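Novice: Here the sequence shown stands for residues 11 to 525, numbered as in the working numbering.
Backbone N, C-alpha and C fix where the C-beta goes; we use that ideal spot for every residue, glycine too.
Remember, predicted model here, so these are calculated numbers, not experimental data.
My questions all concern the structure below.
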Amino acid sequence: MSAVFPYPSMRRSFDLRFYVVVGPDDCNGRTLLDVVTKALDGGASLIQLRAKHVDVADIISMADGIAGQIRGRHLEDRVALVIDDRVDAAIEARHRGIKIDGVHIGQDDLSPVEARRLLGNDAIVGLSANTVEEVEAANALPAGTIDYIGAGPLHETATKPDAAVDDGVRRTLDAAQINALCDVSLYPLVVGGGVHVDDIPMLASTYADGWFVVSAIAAADDPEQATTRLVDAWKAVRGDARHGYEKTEGTPTTLPAVLTVATTDSSGGAGIAADLKTMLANDVYGECVIAGITAQNTTGVRAIAPVDASLIASQIDAVFDDIRPAAVKIGVIVGREAIETVAGRLRAHGAANVVVDPVMVATSGSELSDDASVVTMVRELFPLATLITPNIPEAQVLTGETITDRAAMERAARTLAARHGCAALVKGGHGTNDANDVLAYPGGDVRWFASARIANPNTHGTGCTLSSAIASRLALGDTLDDAIAHAKAYLNGALRAQLDLGAGSGPMDHGWARH
């Protein structure tokens, strides 16, 4: 997965790809600041200070020196600094005005819930989790407790030679195991433990969000060169996509823009309102084209009306002529003429990263599309799509097949992808046992996205939210697989927040991670 991850914490944009762990005992005769300085010059994106058994005052002194090096290079908005385990030192440093972004804690350290309570909602909290069971336990923590997971080891290490063996069974990770952890995790996940430059092509080919290393940089003859080689090896596979935006003090900032073409929802839980909230929460600039108006609340849709097709065309032209969107999410469009107009204008402007959510029925059960509109949508919009996101009932309509189990979901996804020449994500939220989704590509590749069912009756706008989050992540540079994984994690956080409004199926808290 690509790696600057403004979600789920929304606390600050932090880049997990190039994660350097270093302490005073790791530096092979160099000073700690010398190693950190060279790692920063080589492209390190996150520094973890490891000095667990040192006095608080000494940790604070080291952290202050590292923070100064980050500040001196004007990297405060690009490089995060966390302290290994020592929440007490992080708290004291922050009290003294030292820019410590947070902590990374292990399975046997202070509980992440207590760490979050002590550090507050603006801190970054990372957690070690090396098995599927540990990752699932991390998923079950209260929403917003942690921000990322560190997993390993990839190889046995000098500092933890026995960490790779448990009950006589070797526990080092391979590519399949890394992907299994990433598939389960609701959080971005980095992998380390004995990592060297020759491991990076394999790691970058997995769903991991980045690498973390100790000795490959700290003990290298030239830590800057070693960091650069690790960074370049990752970029050779993944490219240089960063999420979010970069800001240099005193200069303007930019954000990738994402356009939603959909209807209004007067209750604010779905449609344009949900789309724009989701985009804001995922660090993109939301734009909108209103293609229909509804009067609705959590109990149902009371009225629905079209917007004149010429006005829809003018809205689209106005957006593309000025703040061109990097991605487009399409929801409900009222009427055949409006659908044809949207398709024509998007084709004319060469719209990219188009995500079509083929909404036919609202969560409340109200019909939102008639048969003629569905036919027009499939004919006009699907050929423009990078991805379509039908739920099970919608996939049944689109394929004409009944979907009752996992195998049928996968067949439906494959059928839609092959038929329409775009990726198809069949969403399992209407299932009974889980909320697993399946993605199929036109070439036949398939990936499942596992997700436990969250006990929350308030699911108004889940489809709008997921598709908007996917479009946002595509605009930020994610691959499609990564965009879906991150979008699902964002949606799960909104559901776990358990917002309870309205008399029917209520809306979700789209800003859950900012609270």
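Near GLY439, what residues of its chain come up, given a Cβ to Cβ distance below 7 Å and the 5 sequence neighbours on each side ignored?
Specialist: Within the same chain, GLY439 has close Cβ partners ASN401, ALA445, THR472.
Novice: Who pairs with LEU476 in a beta bridge, going by DSSP?
Specialist: DSSP lists no partner for LEU476.
Novice: Return the first residue and the last residue of the beta strand (DSSP E) that GLY298 is part of.
Specialist: Sequence inspection shows Cys at residue 298; the Gly mentioned does not correspond to that position. Segment 295-300, the beta strand (DSSP E) holding CYS298.
Novice: Per the DSSP calculation, ASN401 is bridged to which residue(s)?
Specialist: According to DSSP, ASN401 bridges with LYS437.
Novice: Do you know whose CA, among SER277, LEU196, ALA236, lies nearest ALA49's CA?
Specialist: Checking every option, the nearest Cα to that of ALA49 belongs to ALA236.
Novice: Could you check if HIS496 is buried or exposed, using at least 16 other CB atoms within 10 Å of its CB as the buried criterion?
Specialist: Its Cβ being crowded by 16 or more others within 10 Å, HIS496 is buried.
Novice: Going by DSSP in three states, ILE340 sits in which element: helix, strand or coil?
Specialist: In the structure shown, ILE340 sits in a strand (DSSP, three-state: E or B).
Novice: When you compare the CB positions of ALA301 and ALA336, do they come within less than 8 Å of one another, or not?
Specialist: No.
Novice: Who are the near neighbours of VAL364 in its chain, counting only those whose CB is closer than 6 Å to its CB and skipping five residues on each side?
Specialist: Here the set comprises VAL338, LEU394, ALA395, THR396.
Novice: Quick check on ILE188: does DSSP put it in helix, strand or coil?
Specialist: Three-state DSSP puts ILE188 in a helix.
Novice: How far does the beta strand (DSSP E) with GLY136 in it reach, from first residue to last?
Specialist: That run of the beta strand (DSSP E) goes 134-138.
Novice: Would you mind working out which of ALA305, LYS437, GLY136 sits nearest LEU501, comparing C-alpha positions?
Specialist: Looking at the Cα atoms, LYS437 is the closest of the given residues.
Novice: What residues in its chain sit with their C-beta under 8 Å from that of GLY514, if we drop five residues either side in the sequence?
Specialist: Cβ within range, chain order: ASN307, THR308, THR309, GLY310, SER374, HIS470.
Novice: Considering Cα atoms alone, identify which of ASP25, ALA504, ALA465, VAL384 is closest to LEU199.
Specialist: Nearest option by C-alpha distance: ASP25.
Novice: Is the separation between the beta-carbon of GLY281 and that of THR288 shorter than 8 Å?
Specialist: It is not a contact, given that the beta carbons lie outside the stated cut-off.
Novice: By alpha-carbon positions, which one of ILE326, SER324, ASP447, VAL224 ends up nearest to LEU476?
Specialist: Out of ILE326, SER324, ASP447, VAL224, ASP447 has the C-alpha closest to the C-alpha of LEU476.
Novice: Rounded C-beta distance between ARG312 and ALA305? I'm assuming under 8 Å.
Specialist: Contact holds; Cβ gap of about 4 Å.
Novice: Straight-line CA distance for ILE70 to ALA103?
Specialist: For ILE70 and ALA103, the distance between alpha carbons rounds to 6 Å.
Novice: Between the beta-carbon of ILE115 and the beta-carbon of ALA100, is there less than 8 Å?
Specialist: No, the pair does not count as a contact, with Cβ atoms beyond the cut-off.
Novice: Three-state secondary structure (DSSP) at GLY82?
Specialist: Helix at GLY82.
Novice: According to the Cβ coordinates, are LEU183 and ILE210 closer than 8 Å?
Specialist: The answer is no: Cβ separation not under 8 Å.
Novice: Just to confirm, are ALA228 and VAL32 a CB contact at a threshold of 8 Å?
Specialist: It is a contact, given that the beta carbons lie within the stated cut-off.
Novice: Decide if LEU505 is buried, meaning its Cβ has at least 16 other Cβ atoms within 10 Å, or exposed.
Specialist: Classification for LEU505: buried.
Novice: Three or more beta-carbon pairs under 8 Å between the region 55-75 and the region 27-47, yes or no?
Specialist: Judged by Cβ distances under 8 Å, the region 55-75 makes contact with the region 27-47, as three or more pairs qualify.
Novice: Using only CA atoms, which one of VAL123, LEU490, ALA77 lies nearest to GLY107?
Specialist: For the residues VAL123, LEU490, ALA77, the minimum Cα distance to GLY107 belongs to ALA77.
Novice: Helix, strand or coil: which one does DSSP assign to VAL194?
Specialist: Reduced to three states, the DSSP call for VAL194 is helix.
Novice: Whole alpha helix (DSSP H) runs in the region 448-518 with 4 or more residues, listed along the chain?
Specialist: 472-485, 490-506, all fully within the region 448-518.
Novice: Would a C-beta distance cut-off of 8 Å place ILE159 and VAL142 closer than the cut-off?
Specialist: Not closer than 8 Å, so no.
Novice: For GLY162, which residues from the same chain have a beta carbon less than 7 Å from its beta carbon, with the 5 sequence-adjacent residues on both sides left out?
Specialist: Contacts found: ASN140, LEU183, VAL201, GLY202, GLY203.
Novice: Helix, strand or coil, according to DSSP, for ASP30 in the structure here?
Specialist: Residue 30 is actually Val in this sequence, not Asp. Three-state result, VAL30: strand.
Novice: Going by DSSP, which residues form a beta bridge with VAL366?
Specialist: Note: VAL366 sits in a beta bridge opposite ILE340, ILE398.
Novice: For ASP98 and ASP118, what's the separation of their Cα atoms in angstroms?
Specialist: Near 16 Å, if we compare the C-alpha coordinates of ASP118 and ASP98.
Novice: With ASP327 and ARG355 assumed to form a contact (beta carbons below 8 Å), what rounded beta-carbon distance in angstroms separates them?
Specialist: That pair is a contact at about 7 Å.
Novice: Specify whether the region 481-496 and the region 342-360 touch according to this definition: at least 3 beta carbon pairs, one from each stretch, less than 8 Å apart.
Specialist: Not touching, per the Cβ criterion.
Novice: Less than 8 Å between the CB atoms is what I'm expecting for VAL317 and GLU297, so what's the real figure, rounded?
Specialist: 16 Å between Cβ atoms; not a contact.
Novice: Looking at the structure shown, is ASP25 part of a helix, part of a strand, or coil, going by DSSP?
Specialist: If DSSP states are grouped into helix, strand and coil, ASP25 belongs with the strands.
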